[in-house]
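*Asks:*
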Amino acid sequence: MARNPFEGEIARYYDAWFSTPVGQYVERVENDLLFRMIGEVKGKAILDVGCGTGNHLIALYRRGAGLCVGIDRSRDMLEVFRQKLSSNGPCIVRADAAHLPFREKIFDLCFSVTMLEFVSKPGNVIAEMHRVSRGRMVLAVLNRLAFSAFLRKLESLLKPTPFRYARFISPFQLKHLVRCRIPDARIRWYTTLAFFPFFPSRFRKVLERIDMRLSYSRFPFGAFLVMAIRWTTRTENSG
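With this note's numbering applied, the sequence shown corresponds to residues 1 to 239, in that order.
#1: Starting from Arg209, trace the alpha helix (DSSP H) both ways and give me its first and last residue.
#2: Using alpha carbons as the reference points, say which of Asp72, Arg164, Lys42 and Pro122 lies closest to Gly66.
#3: Under a three-way DSSP split, which group does Asp32 fall into?
#4: Mind checking Trp17: buried by the 16 CB within 10 Å criterion, or exposed?
#5: Does DSSP classify Asn88 as helix, strand or coil?
#6: Return the chain-ordered list of same chain residues with a C-beta closer than 8 Å to the C-beta of Glu236, the five sequence neighbours on each side being excluded.
#7: Pop quiz: Val49 and Ser112 are said to be a contact at Cβ under 8 Å. What is the actual Cβ separation, rounded to whole angstroms?
#8: State the Cα-Cα distance for the pair Gly89 and Val178, rounded to the nearest angstrom.
#9: Buried or exposed: which applies to Leu225, given that a residue is buried once 16 or more other Cβ atoms fall within 10 Å of its Cβ?
#10: Give the DSSP-derived three-state secondary structure of Ser112 in the structure shown.
#11: Sorry if obvious, but does the Cβ on Lys153 come closer than 7 Å to a heavy atom of the ligand HEM?
#12: Using three-state DSSP, classify Ala59 as helix, strand or coil.
#13: Using alpha carbons as the reference points, say which of Asp72, Ile92, Leu158 and Thr20 lies closest to Val119.
#14: Determine the extent of the beta strand (DSSP E) in which Val49 is found, giving its start and end residues.
#15: Buried or exposed for Arg75, going by 16 or more other Cβ atoms inside 10 Å?
#16: DSSP on Glu236, reduced to helix/strand/coil?
#17: For a quick check, are the C-beta atoms of Gly222 and Ala194 less than 8 Å apart?
#18: If I measure Cβ to Cβ from Trp189 and keep anything under 6 Å in the same chain, skipping five residues before and after, which residues do I get?
#19: Please report the distance separating the alpha-carbon of Ile38 from that of Val138.
#20: Given this structure, state the Cα-to-Cα distance separating Arg181 from Leu100, to the nearest angstrom.
#21: Tyr165 to Asn143, Cα distance in whole Å?
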């Protein structure tokens, strides 16, 4: 099992970054693309694999999703998530993404956000998500082709960061990983955050408009890559 960098102080301060001006910008632009690719969730059973502190799953629950389950193997990240929950919110399970503790085809949608980069065998995680899903998956990763990937790796050589242990993934690598596990997959992908981490405050609104436009094209160099995958389940075939 790969080392889990999201323990201790990283878990405690993870959300704090998203309250900074740059963090708010990044979250807004990423979520615009992510939730567009996820689509309608009302009444759906959803699994967030590598849920971290739960921000995405909580947002989907508030949009009307039905059963919402988040799994992560970081005890500290899940504790932060747990502190945000009400009595009738999402469920939390501490588990390994490569060995999901669920039976086959019980979720309408499985998704993960910036998790596959931190596991030793991302293909095994994709296979598990495929096993427990009824035909839909959304994967969001940090793009290997983005300039920010180089900067993050450089920074991690100079000081400890979670990205020291990351293996960034390009659109074409992710597509190959999916095809190897789901041969009949129908795949769409887009990227955003083309300018990350360069966000001069005076140009931020202009850059955001450009990012939003690029997220509707096959621009391959954005920092945040989202891939939506669909396939036909055996149950549907037999019907």
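Note that the Cβ used here is the ideal one computed from N, Cα and C, for glycine as well.
*Replies:* Reading from the atomic positions:
#1: Along the sequence shown, one-based indexing puts residue 209 at 209. Looking at the DSSP string, the run of the alpha helix (DSSP H) that includes Arg209 is Arg204 to Leu214.
#2: Stepping through the sequence shown from its first residue, residue 66 is reached at position 66. The shortest Cα separation from Gly66 among Asp72, Arg164, Lys42 and Pro122 belongs to Lys42.
#3: Taking the sequence shown and counting its residues from 1, one reaches residue 32 at position 32. Helix, per DSSP.
#4: Indexing the sequence shown from 1 puts residue 17 at position 17. Burial call: exposed.
#5: The residue labelled residue 88 in the question sits at position 88 within the sequence shown. Reduced to three states, the DSSP call for Asn88 is coil.
#6: Along the sequence shown, one-based indexing puts residue 236 at 236. Because the pLDDT at Glu236 is just 47, under 50, the model does not fix this residue reliably, and the value given afterwards should be weighed accordingly. Result list for Glu236: Gly135, in chain order.
#7: As a first step, residue 49 is located in the sequence shown; it is residue number 49 there, counting from the start. As a first step, residue 112 is located in the sequence shown; it is residue number 112 there, counting from the start. Yes, Val49 and Ser112 are in contact; Cβ-Cβ is about 4 Å, under 8 Å.
#8: Against the sequence shown, residue 89 aligns to sequence position 89. Against the sequence shown, residue 178 aligns to sequence position 178. Whole-angstrom Cα-Cα distance: 31 Å.
#9: One-based indexing of the sequence shown puts residue 225 at position 225. Buried: at least 16 other Cβ atoms inside 10 Å.
#10: The count along the sequence shown starts at 1 and reaches residue 112 at position 112. Ser112 falls in the strand class under three-state DSSP.
#11: As far as ligands go, the structure on display features none, and thus does not contain the ligand HEM.
#12: Here the question's residue 59 lines up with position 59 in the sequence shown. Looking at Ala59 - three-state DSSP - the assignment turns out to be helix.
#13: Reading the sequence shown from its first residue, position 119 is the one you call residue 119. Residue Asp72 is the option with its Cα nearest to Val119.
#14: As a position in the sequence shown, residue 49 is number 49, starting the count at 1. Start and end: Ile46 to Val49.
#15: Mapped onto the sequence shown, residue 75 falls at position 75. Exposed, since its Cβ has fewer than 16 Cβ neighbours within 10 Å.
#16: Taking the first residue of the sequence shown as position 1, residue 236 is located at position 236. Interpretation of Glu236 is limited by its pLDDT of 47, a score under 50 that renders its predicted location unreliable; the figure taken from the coordinates is listed afterwards. In the structure shown, Glu236 sits in a helix (DSSP, three-state: H, G or I).
#17: Taking the sequence shown and counting its residues from 1, the one referred to as residue 222 is at position 222. Taking the sequence shown and counting its residues from 1, the one referred to as residue 194 is at position 194. Result yes, Cβ atoms of Gly222 and Ala194 sit closer than 8 Å.
#18: Taking the first residue of the sequence shown as position 1, residue 189 is located at position 189. Contacts found: Pro171 and Met227.
#19: Here residue 38 refers to the residue found at position 38 when the sequence shown is read from its first residue. Here residue 138 refers to the residue found at position 138 when the sequence shown is read from its first residue. Those two C-alpha atoms are separated by around 7 Å.
#20: Here residue 181 refers to the residue found at position 181 when the sequence shown is read from its first residue. Here residue 100 refers to the residue found at position 100 when the sequence shown is read from its first residue. Arg181 and Leu100: Cα-Cα distance of roughly 16 Å.
#21: On the sequence shown, position 165 is the one that residue 165 refers to. On the sequence shown, position 143 is the one that residue 143 refers to. Approximately 15 Å, taken between the alpha carbons.
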